[in-house]
Amino acid sequence: MPRILSAVLIFAVFLPGTLVALGGDPKAGETKAYTCTGCHGIPGYNNVYPTYKVPKIGGQNYEYLVSALKAYQSGDREHATMELQAQALSDQDIEDVAAYFAALGGGETGK
Amino acid sequence: MSDWTRKAVLALTCVVPLALGPAELHADGEPQAGREKAKQCESCHGTDGRSVEPSYPNLAGQYESYLIKSLSDYRSGARDHAIMKSFAANLSNQDIEDLAAWYASQQGLEDLSIK
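Listed in order, the protein sequences are those of chains A and B.
Take 1 as the starting number for the first sequence in this note's numbering and just add one per residue.
Take 1 as the starting number for the second sequence in this note's numbering and just add one per residue.
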């Protein structure tokens with residue numbers, strides 16, 4: 001019995017990691033990413049101040065996108081607009097939009 | 001102190017700090033110089049700007065001005081990442097401009113086209 005219990009515990013500990021590894025749904029992400037295109041969808045669009053171009057994220061790595069959004073969400077990475085946008089997203093939303101952007105270009109496969 | 005000297009001192013006190021302030025970074029680096037300087041970046045970001053590990057961002061084709069902003073934020077500490085901080089700490093403004101020009105010149109990341 002204790003053996004089963006520890007097996008369940010081990011499973012429970014690793015489950016969240018497994019879910020992240022499975023990744024989001026690019027199809028669901030396409031709808032959820034509509035707001036993002038207001039800045040990231042306009043080629044050469046400038047951040048207002050300081051002035052630099054809003055980064056390209058089509059074909060960016062899924063894992064990097066998830067970590068960037070979570071860093072904005074927690075405030076570890078600072079950008080007023082991105083912090084607000086990320087705070088409005090659930091973990092599932094983040095995984096879905098990341099999967100959508102990653103799939104737009106080469107993404108993790110590098111193609 | 002004559003009136004003229006006083007004015008000159010006042011003018012210098014205003015102008016000198018401006019001149020000594022952080023030089024503005026411009027998106028006009030030299031890609032080939034950046035290629036040479038990018039050797040230390042390759043172990044994570046790949047030889048072609050496509051990173052070797054998915055938790056690191058692809059840089060190929062990224063906007064030059066965004067890369068400059070990222071590197072200068074890592075250098076100043078405004079953006080926090082242990083590895084990037086140590087690399088960026090040793091970069092001059094010219095290095096940052098050259099590296100940004102090199103990665104921006106590669107094919108890779110895409111804008112999201114509005115459908």
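Note that CB positions come from ideal geometry on N, CA and C, so glycine has one too.
Self-check item: For B:Glu97, three-class secondary structure by DSSP
Solution: The sequence position of residue 97 of chain B within the second sequence is 97, counting from 1. Looking at B:Glu97 - three-state DSSP - the assignment turns out to be helix.
Self-check item: Other residues of its chain near B:Gln62: CB distance less than 7 angstroms, five sequence neighbours each side excluded
Solution: Here residue 62 of chain B refers to the residue found at position 62 when the second sequence is read from its first residue. If the five residues before and after B:Gln62 are omitted, its C-beta is found closer than 7 angstroms to the C-beta atoms of Tyr103, Ala104, Leu109, all from its own chain and listed in chain order.
Exercise. Take B:Asp95 and list the residues in its own chain whose beta-carbon comes closer than 6 angstroms to its own, dropping the five residues that flank it on each side.
Key: Along the second sequence, one-based indexing puts residue 95 of chain B at 95. The residues are Lys37.
Quiz prompt | For A:Lys27: DSSP bridge partner residues | solution = Taking the first residue of the first sequence as position 1, residue 27 of chain A is located at position 27. DSSP, once it has assigned bridges, lists no residue as partnering A:Lys27.
Quiz item: If you draw a straight line from the alpha carbon of B:Lys39 to that of A:Leu84, how long is it in whole angstroms?
Solution: Along the second sequence, read from residue 1 onward, the residue named residue 39 of chain B stands at position 39. Along the first sequence, read from residue 1 onward, the residue named residue 84 of chain A stands at position 84. About 36 angstroms.
Quiz item: The alpha helix (DSSP H) with B:Arg35 in it runs from where to where?
Solution: The sequence position of residue 35 of chain B within the second sequence is 35, counting from 1. 31 to 37 is the span of the alpha helix (DSSP H), which, as asked, contains B:Arg35.
Quiz item: If you measure beta-carbon to beta-carbon, which residues of the segment 71 to 88 of chain B are closer than 8 angstroms to chain A?
Solution: Ala78, Arg79, Asp80
Quiz prompt | Beta carbon proximity, A:Glu30 to chain B, threshold 7 angstroms | solution = Taking the first residue of the first sequence as 1, we reach residue 30 of chain A at position 30. No, no contact with chain B.
Quiz item: If we call anything under 7 angstroms between Cβ atoms a contact, is A:Phe101 one with A:Ile42?
Solution: Position 101 of the first sequence, counted from the start, is the residue given in the question as residue 101 of chain A. Position 42 of the first sequence, counted from the start, is the residue given in the question as residue 42 of chain A. No. Outside cutoff.
Practice problem: State yes or no: is the beta carbon of B:Gly21 nearer than 7 angstroms to at least one beta carbon in chain A? | Solution: As a working mapping, residue 21 of chain B is identified with position 21 in the second sequence. Confidence at B:Gly21 is low in this model, with a pLDDT of 44, below 50, so its placement is unreliable and the value that follows should be read with caution. Not one chain A Cβ lies under 7 angstroms of B:Gly21.
Quiz item: For a contact meaning CB atoms closer than 7 angstroms, what does A:Glu95 contact in chain B?
Solution: Stepping through the first sequence from its first residue, residue 95 of chain A is reached at position 95. Residues of chain B passing the Cβ test: none, with the nearest at roughly 13 angstroms.
Quiz item: What does B:Glu24 touch in chain A if you count any residue whose Cβ is under 8 angstroms from its own?
Solution: Within the second sequence, the letter at position 24 stands for residue 24 of chain B. Within 8 angstroms Cβ-Cβ: nothing; B:Glu24 doesn't reach chain A, min ~10 angstroms.
Quiz item: A:Pro26 CB to nearest chain B CB: under 7 angstroms?
Solution: Indexing the first sequence from 1 puts residue 26 of chain A at position 26. Taking Cβ atoms only, chain B never reaches closer than 7 angstroms to A:Pro26, which makes this a no.
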